[in-house]
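Asks:
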Amino acid sequence: MIELANANLEPLVCKRLREKECTADVLRLDKLHPVVSGNKWFKLKYYLQDAIDSSKNTILTYGGAWSNHIIAAAYAARAYGMQSVGIIRGEAPALLSPTLKLASAYGMELVFSPRNSYRSNDAALLEQQIVPERQDAYIIPEGGEGMHGRRGCGEILSLVPEGYHTHILCAIGTGTMFTGILNASSGKQQVIGIPVLKGMRDLGKTYENWINPDKRAGAVFFYDYHQGGYAKRTPELLQFMNEFYRLTAIPTDFVYTGKLMMAFTDLLTKDYFKPGSRVLLIHSGGLQGNSSIPAGSLEF
Ligand SMILES: *Cc1c(COP(=O)(O)O)cnc(C)c1O
Numbered sequence: 019m020i021e022l023a024n025a026n027l028e029p030l031v032c033k034r035l036r037e038k039e040c041t042a043d044v045l046r047l048d049k050l051h052p053v054v055s056g057n058k059w060f061k062l063k064y065y066l067q068d069a070i071d072s073s074k075n076t077i078l079t080y081g082g083a084w085s086n087h088i089i090a091a092a093y094a095a096r097a098y099g100m101q102s103v104g105i106i107r108g109e110a111p112a113l114l115s116p117t118l119k120l121a122s123a124y125g126m127e128l129v130f131s132p133r134n135s136y137r138s139n140d141a142a143l144l145e146q147q148i149v150p151e152r153q154d155a156y157i158i159p160e161g162g163e164g165m166h167g168r169r170g171c172g173e174i175l176s177l178v179p180e181g182y183h184t185h186i187l188c189a190i191g192t193g194t195m196f197t198g199i200l201n202a203s204s205g206k207q208q209v210i211g212i213p214v215l216k217g218m219r220d221l222g223k224t225y226e227n228w229i230n231p232d233k234r235a236g237a238v239f240f241y242d243y244h245q246g247g248y249a250k251r252t253p254e255l256l257q258f259m260n261e262f263y264r265l266t267a268i269p270t271d272f273v274y275t276g277k278l279m280m281a282f283t284d285l286l287t288k289d290y291f292k293p294g295s296r297v298l299l300i301h302s303g304g305l306q307g308n309s310s311i312p313a314g315s316l317e318f
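Here this note's numbering runs 18 ahead of the position in the sequence shown, where the first position is 1.
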């Protein structure tokens, strides 16, 4: 089993919030666990439960060389006494990334899959082609996407006072966390998603089948905070993350939560939030991914 620490709610104190007569709290999911950090625990928990209920002793999942999901899955599988296989996008590198090194140290078997045959959405095919000896593994979709992931993410809101916040902001990768949170929201709360991938559009439609009809009206998306695309970064983003850290002592990651906080700050500056708004910011973790950028870029 996995020992989880408390994910505390941390109020932001700053001049701009006071000026705008708003409050903001950060839900520090990054503090939940040193390895299975942030939303990945919530996305994994019901998959692991389902694997156990199906009497599987191996999980198989997918990701890239810096994947928060891969490292979380490797750790969680070991904690549950299960074996794990990670199908990793790309050719086997001469040197493993710190993420993969750690996943391997937790016992995950790494199988590299050249990009042209990597199809995380065609799991059955991949499994047959690459790991015939793993036909019996329990497959967890890349990033913990899907029904069990959404169900787990709905529980994120059980960590904060029910219905207190007027707005909830979170980053969007697969949208699993966003839709899980939206479905668990009060119906009066606005749930704002910040996609970290370029070119996402019309997500209300894309996610239609995952969102409870009575919660649809609460969904809002801002598409222009991706900083060039997935895992792309700009000097402005890194500068913002450093400034945010100096002001709040909260570290962020450059793939998801840095972009989220930057979006929030921009929306606040542009008077998106009416006076009296109580904003909840989901710090979904992912700090280990910062080891993929040059040392010294960040002050934390
Ligand atoms: C995976 C991840 C996300 C994205 O979650 P989705 O459910 O895929 O949208 C956001 N933040 C962090 C830190 C993550 O690791």
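From the three backbone atoms N, C-alpha and C, an ideal C-beta is built for every residue, glycine too. The model shown is predicted, which means the values in this text are computed figures rather than measured ones.
1) With a CB to CB cut of under 6 Å and the five nearest residues on each side skipped, what residues in its chain are close to ASP271?
2) Comparing alpha-carbon positions, which option in LEU62, SER315, THR287, SER85 lies nearest LYS120?
3) Quick check on the DSSP output: the alpha helix (DSSP H) that includes ILE158 runs from which residue to which?
4) From the DSSP output, which residues share a beta bridge with SER131?
5) In three-state DSSP terms, what is GLU28?
6) Can you have a look at PHE282 and say buried or exposed, based on whether 16 or more other CB atoms are within 10 angstroms of its CB?
7) By the DSSP assignment, the beta strand (DSSP E) with HIS185 in it spans what residues?
8) Identify whether THR266 lies in helix, strand or coil by the three-state DSSP scheme.
9) What residues are listed by DSSP as bridge partners for TYR80?
10) Can you find the residues in the same chain that come closer than 6 Å, C-beta to C-beta, to THR76, ignoring five residues on each side of it along the sequence?
11) Can you tell me whether ARG46 is buried or exposed? The criterion is at least 16 other CB atoms within 10 Å of its CB, across all chains shown.
12) Using the Cα positions of TRP59 and ILE186, report the straight-line distance between them to the nearest angstrom.
13) Per DSSP, GLY236 is paired with what?
14) Please tell me whether, using a cut-off of 7 Å, the distance from the CB of SER73 to the nearest non-hydrogen atom of ligand 1 is below it.
15) Let me check you understand the geometry: is the CB of PHE291 closer than 7 Å to at least one non-hydrogen atom of ligand 1?
16) Considering only the beta carbon of each residue, do MET280 and LEU255 sit closer than 8 Å?
17) Measuring only from the beta carbon, is LYS61 closer than 7 Å to any heavy atom that is part of ligand 1?
18) Whole angstroms is fine: what's the gap from VAL53's alpha carbon to LYS63's?
19) Go ahead and pull the three-state DSSP assignment for ARG219.
20) What do you reckon, are the CB atoms on ASN57 and SER302 nearer than 8 Å?
21) Does the beta carbon of LYS33 come closer than 8 Å to any beta carbon on chain C?
22) Quick one: give me the first and last residue of the alpha helix (DSSP H) that ASP68 is part of.
23) Can you tell me whether LYS216 sits near ligand 1, meaning its C-beta is under 7 Å from at least one heavy atom of the ligand?
24) Can you tell me whether ALA112 is helix, strand or coil according to DSSP?
25) So is the beta-carbon of TYR65 under 7 Å away from any non-hydrogen atom of ligand 1?
26) In whole angstroms, give me the CA-to-CA distance for PHE240 and GLY247.
27) If distances are taken between C-alpha atoms only, which option among VAL31, ARG168, SER204 comes closest to LYS233?
28) Taking the beta carbon of ALA90 as the centre, do at least 16 other beta carbons fall within 10 Å, making it buried, or is it exposed?
29) Where does PRO231 fall in DSSP's three states?
30) By DSSP's criteria, ILE300 is part of a beta bridge. Which residues make up the other side?
31) Let me confirm a value: ALA123 is counted as buried when at least 16 other C-beta atoms fall within 10 Å, else exposed. Which label applies?
32) Rounded C-beta distance between GLY82 and ILE105? I'm assuming under 8 Å.
Replies: Taking the geometry as given:
1) GLY304, LEU305, GLY307, ASN308
2) Per the sequence shown, the amino acid found at residue 120 is Leu instead of Lys. Comparing Cα-Cα distances from LEU120 to each of LEU62, SER315, THR287, SER85, the minimum goes to SER85.
3) Looking at the DSSP string, ILE158 is not in any alpha helix (DSSP H), and its letter there is neither H nor E.
4) ARG107
5) strand
6) buried
7) 185–190
8) helix
9) ILE105
10) GLN101, ALA155
11) buried
12) 20 Å
13) Beta-bridge pairing links GLY236 to no other residue.
14) no
15) no
16) yes
17) yes
18) 14 Å
19) coil
20) yes
21) The structure shown contains no chain C; it holds only a single protein chain.
22) 57–71
23) no
24) coil
25) no
26) 14 Å
27) SER204
28) buried
29) helix
30) LEU45
31) exposed
32) Between ILE105 and GLY82 the Cβ distance is about 10 Å, and since that is not below 8 Å, they are no contact.
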